[in-house]
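Enquirer: Sequence lines, in order, name chains A and B. Under our numbering, the first residue of the first sequence carries the number 1, and numbering increases by one thereafter. Under our numbering, the first residue of the second sequence carries the number 127, and numbering increases by one thereafter.
Number of protein chains: 2
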Amino acid sequence: MKEKIEKLLEKSNIKLTSAREAILDILSKAKSPLNYEQIRSKMQADMDKGTFYRNISLFEGADIVQKLESDDRKWYFELSKKAHAHFICESCHSVICLDFVINPNASGHKVKNVVLKGICKACKRV
Amino acid sequence: MKEKIEKLLEKSNIKLTSAREAILDILSKAKSPLNYEQIRSKMQADMDKGTFYRNISLFEGADIVQKLESDDRKWYFELSKKAHAHFICESCHSVICLDFVINPNASGHKVKNVVLKGICKACKRV
DNA sequence: CTCTATGCAAAAACTTTGCAGGGAT
DNA sequence: ATCCCTGCAAAGTTTTTGCATAGAG
Numbered sequence: 001m002k003e004k005i006e007k008l009l010e011k012s013n014i015k016l017t018s019a020r021e022a023i024l025d026i027l028s029k030a031k032s033p034l035n036y037e038q039i040r041s042k043m044q045a046d047m048d049k050g051t052f053y054r055n056i057s058l059f060e061g062a063d064i065v066q067k068l069e070s071d072d073r074k075w076y077f078e079l080s081k082k083a084h085a086h087f088i089c090e091s092c093h094s095v096i097c098l099d100f101v102i103n104p105n106a107s108g109h110k111v112k113n114v115v116l117k118g119i120c121k122a123c124k125r126v
Numbered sequence: 127m128k129e130k131i132e133k134l135l136e137k138s139n140i141k142l143t144s145a146r147e148a149i150l151d152i153l154s155k156a157k158s159p160l161n162y163e164q165i166r167s168k169m170q171a172d173m174d175k176g177t178f179y180r181n182i183s184l185f186e187g188a189d190i191v192q193k194l195e196s197d198d199r200k201w202y203f204e205l206s207k208k209a210h211a212h213f214i215c216e217s218c219h220s221v222i223c224l225d226f227v228i229n230p231n232a233s234g235h236k237v238k239n240v241v242l243k244g245i246c247k248a249c250k251r252v
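1. What span of residues does the alpha helix (DSSP H) with Asn181 of chain B cover, start to end?
2. Any Cβ of chain A within less than 8 Å of the Cβ of Val241 of chain B?
3. With DSSP collapsed to three states, give me the class of Ile149 of chain B.
4. Going along chain B, which residues have a C-beta under 9 Å from Asp71 of chain A?
5. Is the number of C-beta pairs between the stretch 40-52 of chain A and the stretch 83-96 of chain A that are closer than 8 Å three or more?
6. Just checking: is the beta-carbon of Phe178 of chain B within a distance shorter than 8 Å of some beta-carbon in chain A?
7. Should Ser183 of chain B be labelled buried (16 or more other beta-carbon atoms within 10 Å of its own) or exposed?
8. Ala85 of chain A by DSSP, collapsed to three states: which one?
9. Assuming Leu34 of chain A contacts Phe77 of chain A under a Cβ cut-off of 8 Å, what Cβ separation, rounded to an integer in Å, is found between them?
10. Which residues does DSSP pair with Tyr254 of chain B in a beta bridge?
11. Can you grab the Cα-Cα spacing for the pair Lys250 of chain B / Ala45 of chain A, in whole Å?
12. Are the C-beta of Ile119 of chain A and some C-beta of chain B separated by less than 8 Å?
13. Could you give the first and the last residue of the continuous alpha helix (DSSP H) run that contains Leu142 of chain B?
14. Taking a contact to mean a Cβ-Cβ separation below 8 Å, would you say His109 of chain A touches Cys246 of chain B in this structure?
15. Exposed or buried, which one is Val252 of chain B when buried takes at least 16 other CB atoms within 10 Å?
16. For Cys223 of chain B, does the three-state DSSP call read helix, strand or coil?
17. Can a CB atom of chain A be found closer than 8 Å to the CB of Lys207 of chain B?
18. Taking 8 Å as the CB-CB limit, is Lys113 of chain B close to chain A?
19. Quick check on the DSSP output: the alpha helix (DSSP H) that includes Lys247 of chain B runs from which residue to which?
20. Which of the three DSSP states is assigned to Lys110 of chain A in this structure?
21. Any idea which residues DSSP pairs Lys243 of chain B with across the strands?
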């Protein structure tokens, strides 16, 4: 894991620190995008918000991390990977990755992301 | 216009006031969802934020208005109409309605909305 | 020793809420 | 006279930023 993260950062000339490793380690294990609170709760040691967001925006600039927002007005983060759609649950606000090929040229605009919103499987059951 | 708005409100037992009429009048003329600032700038008379947001949430509760967020962390509002997709421009943050039929059962979740993100036609040209 | 990352605290940006005054019925 | 709508101002939420200190090389 650590080597993989080291490689990612090396490519962009970003130094490896324990804060950065912690963030990327959690994101690399996540099945779906996570917000600050969720990431922080998975950490062993506490991390300051400032440090978190500053590193996240460093990662975004280097295209290592992508952000998207749910409808709870929080940013959700995931490691950059090939374009895929997301589902956002209006009930529990979770963000779920979908296997969904994005057609970049529907509609005359340049489409980079697709987000579906509604009620997720889990919430539907309740 | 006014009669149409009156009918909308009557159905939900909401009294017609000039603030409410102003908001709904602007929304009914809009081609795409608008945020508070955009709506406010189209108004003849000034309107307080509190009044605006309170009425908007009244409308949402009555299913007269739907809200969605762009990626500028602002809410965008439109009159409720039959399910259609939206395009959000990551460059100018405008929200554009698309003629796009939503398939509610892709992916096992219940899909109510579809949002495409990317660069809009206008920004692409620049 | 120098340079950058971190933590703390304050600022920012939008939205929401409390409260008192004003209008409509 | 009552009820609820409105405006003003303060509070709330998440993210961003400034500054001093700690830490790495």
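Note that the Cβ used here is the ideal one computed from N, Cα and C, for glycine as well.
Expert: So, from the data block:
1. First-last of the alpha helix (DSSP H) with Asn181 of chain B: Lys175 to Gly187.
2. So yes, Val241 of chain B belongs to the interface.
3. Helix, per DSSP.
4. Correct list: Lys193, Leu194 and Glu195.
5. The stretch 40-52 of chain A is not in contact with the stretch 83-96 of chain A.
6. So no, Phe178 of chain B is outside the interface.
7. It counts as exposed.
8. Reduced to three states, the DSSP call for Ala85 of chain A is strand.
9. The Cβ separation is near 6 Å, so the contact holds.
10. Nothing about residue 254 of chain B can be read from this structure; chain B reaches only from 127 to 252.
11. A straight-line Cα-Cα distance of about 44 Å links Lys250 of chain B and Ala45 of chain A.
12. In terms of beta-carbon proximity, Ile119 of chain A lines the interface with chain B, with at least one pair separated by less than 8 Å.
13. In the DSSP assignment, Leu142 of chain B falls outside any alpha helix (DSSP H), carrying neither H nor E.
14. Yes, the pair counts as a contact, with Cβ atoms nearer than the cut-off.
15. By the 10 Å Cβ count, Val252 of chain B comes out exposed.
16. Three-state result, Cys223 of chain B: strand.
17. Output row for Lys207 of chain B: interface = no.
18. It is not possible to answer for residue 113 of chain B, since the shown part of chain B is limited to 127 through 252.
19. In this chain, the alpha helix (DSSP H) harbouring Lys247 of chain B covers Lys247 to Arg251.
20. Residue state, collapsed to three classes: strand.
21. According to DSSP, which records beta bridges pairwise, Lys243 of chain B is partnered with A:Asn113 and B:Ile214.
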